[in-house]
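Notes follow the structure.
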Amino acid sequence: MTALPAVHGVSPFLPLVVHAPHAGTHVPAVALETVLDPHHLRADLNRLTDWYTSDLFQLPGAALCATPVSRLVVDLERYTDDTLEPRAAVGQGVIYTHDSQGQRLRPELAPDQRRQWLDHWYRPWHLKLELDILGSLQRHGAGLLVDAHSFPARPLPNEDDAGRARPDICLGTCANTPGWLLDYALDWCGLQGFSVAVDFPYAGCLVPAVYAADRRVPAIMVEVNRGLYLQQPDPAAAPALGADYFRVKTALNTLLLGMVGRLLDFDVPADRYA
Ligand SMILES: [Zn+2]
1061 MTALPAVHGV SPFLPLVVHA PHAGTHVPAV ALETVLDPHH LRADLNRLTD
1111 WYTSDLFQLP GAALCATPVS RLVVDLERYT DDTLEPRAAV GQGVIYTHDS
1161 QGQRLRPELA PDQRRQWLDH WYRPWHLKLE LDILGSLQRH GAGLLVDAHS
1211 FPARPLPNED DAGRARPDIC LGTCANTPGW LLDYALDWCG LQGFSVAVDF
1261 PYAGCLVPAV YAADRRVPAI MVEVNRGLYL QQPDPAAAPA LGADYFRVKT
1311 ALNTLLLGMV GRLLDFDVPA DRYA
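Counting in the working numbering, the sequence shown runs from 1061 upward without gaps.
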């Protein structure tokens, strides 16, 4: 079973922008040429892709920013300056040199090639994200930003959870996350029966710098444990949808609608489809 195709032809009419930066699986030929072993790349793509998040978090009427290009080409959730990017320390800055197992994936790119990749596959998507938010601000005076991800049920070799159990849902916060938004998401988790942690195993929420701490752009990261919606007994193998995929998707729809409702001051019961 695979996810259903996206709903097309619905222009954004809600003050909601969903950013799914890790849903892409496409590796252009020019990028594939730089890796040491294509099979190795495919195995890590299976481990690292936030599978189907561009469908899982899709809500008709919301703007969706989701590149088809894999994070193993450029990672849209990273700083372009490796000196600012903590994950560069493990070879996973904006352009990965190492995989999740700590193995060398590709040599460092030459400066010209690095700039080209960022110009082709990074900056246009960040510009789209900024324009999606701007469009919402122009239409509604506000734009709720949801940074949409999923995460492996068990930590990868280059991650350290300090022995803590991974939750069903991880909520990431930043200076753009108001209390009402976090409270709503926590209540939703409770009503849906999902275990939840805040800023664990992943912390923060990507917001374009131009909107940092802008109260018109409330933002939250929502990460779903892949064990909830995928069958992937071997994380290096391509997954199939789990039996609960559509239940989880419907539940996420109620979360997104409910948060928009709070923003617009109308009430969508958090247990609407529980
Ligand atoms: Zn992600």
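Positions of the beta carbon are idealized from the N, C-alpha and C atoms, including for glycine.
### Query
Residue ranges of each beta strand (DSSP E) run of no fewer than 3 residues wholly in the region 1188 to 1263, ordered along the chain?
1204 to 1211, 1229 to 1232, 1256 to 1258
#### Entry: Rounded straight-line distance, which links the Cα of A1091 to that of D1097
Against the sequence shown, residue 1097 aligns to sequence position 37. Against the sequence shown, residue 1091 aligns to sequence position 31. D1097 and A1091: Cα-Cα distance of roughly 12 Å.
### Query
Cβ of L1081 within 7 Å of Cβ of L1132?
Counted from its first residue, the sequence shown places residue 1081 at position 21. Counted from its first residue, the sequence shown places residue 1132 at position 72. For the sequence presented, residue 1081 should be read as Pro rather than Leu. Not a contact, by the Cβ cut-off of 7 Å.
#### Entry: Sub-7 Å separation of R1107 and P1295 beta-carbons
On the sequence shown, position 47 is the one that residue 1107 refers to. On the sequence shown, position 235 is the one that residue 1295 refers to. Yes. Within cutoff.
### Query
From this set, L1116, T1157, Y1139, W1181, which residue's C-alpha is nearest P1088's C-alpha?
Walking along the sequence shown from the start, residue 1088 turns up at place 28. Ranking L1116, T1157, Y1139, W1181 by Cα distance to P1088 puts W1181 first.
### Query
Exposed or buried, L1101, counting other C-beta atoms within 10 Å across all chains shown (16 or more means buried)?
Mapped onto the sequence shown, residue 1101 falls at position 41. The residue in question, L1101, is buried, as its Cβ has 16 or more Cβ neighbours within 10 Å.
### Query
By how many angstroms is the C-alpha of G1121 removed from the C-alpha of P1072?
Taking the first residue of the sequence shown as 1, we reach residue 1072 at position 12. Taking the first residue of the sequence shown as 1, we reach residue 1121 at position 61. Computed Cα separation, rounded: 4 Å.
#### Entry: Cβ neighbour criterion (16 or more within 10 Å) applied to W1240
In the sequence shown, counting from the first residue as 1, residue 1240 sits at position 180. Classification for W1240: exposed.
### Task
Could you tell me how far apart the beta carbons of F1211 and C1230 are, in whole angstroms, since I believe they sit closer than 8 Å?
On the sequence shown, residue 1211 is found 151 positions in, with the first residue counted as 1. On the sequence shown, residue 1230 is found 170 positions in, with the first residue counted as 1. The Cβ separation is near 7 Å, so the contact holds.
### Message
On the DSSP letters alone, give me the boundaries of the beta strand (DSSP E) that V1078 sits inside.
### Response
Start at 1 with the first residue of the sequence shown, and residue 1078 comes out as number 18. From DSSP, the beta strand (DSSP E) with V1078 extends over 1076 to 1079.
### Query
Are the Cβ atoms of V1267 and V1078 separated by less than 7 Å?
The residue labelled residue 1267 in the question sits at position 207 within the sequence shown. The residue labelled residue 1078 in the question sits at position 18 within the sequence shown. It is not a contact, given that the beta carbons lie outside the stated cut-off.
### Message
Quick check on L1074: buried or exposed, where buried means 16 or more other Cβ atoms within 10 Å of its Cβ?
### Response
In the sequence shown, residue 1074 corresponds to position 14, counting from 1. By the neighbour-count rule (16 or more Cβ atoms within 10 Å), L1074 is buried.
### Task
For the beta strand (DSSP E) containing L1124, list its first residue and its last residue.
Your numbering for residue 1124 matches position 64 in the sequence shown. Start and end: 1123 to 1125.
#### Entry: Alpha-carbon to alpha-carbon, T1109 and A1085
As a position in the sequence shown, residue 1085 is number 25, starting the count at 1. As a position in the sequence shown, residue 1109 is number 49, starting the count at 1. The residue you asked about is not Ala; residue 1085 is Thr in the sequence shown. Each residue's alpha carbon lies about 7 Å from the other.
### Task
Please confirm whether D1228 and N1313 have their CB atoms less than 7 Å apart.
As a working note, residue 1228 is residue 168 in the sequence shown. As a working note, residue 1313 is residue 253 in the sequence shown. Their beta carbons are not under 7 Å apart, which means D1228 does not touch N1313 by this criterion.
### Task
Could you tell me which uninterrupted alpha helix (DSSP H) segments, each at least 4 residues in length, are contained entirely in the region 1152 to 1187, listed from first to last along the chain?
1171 to 1177
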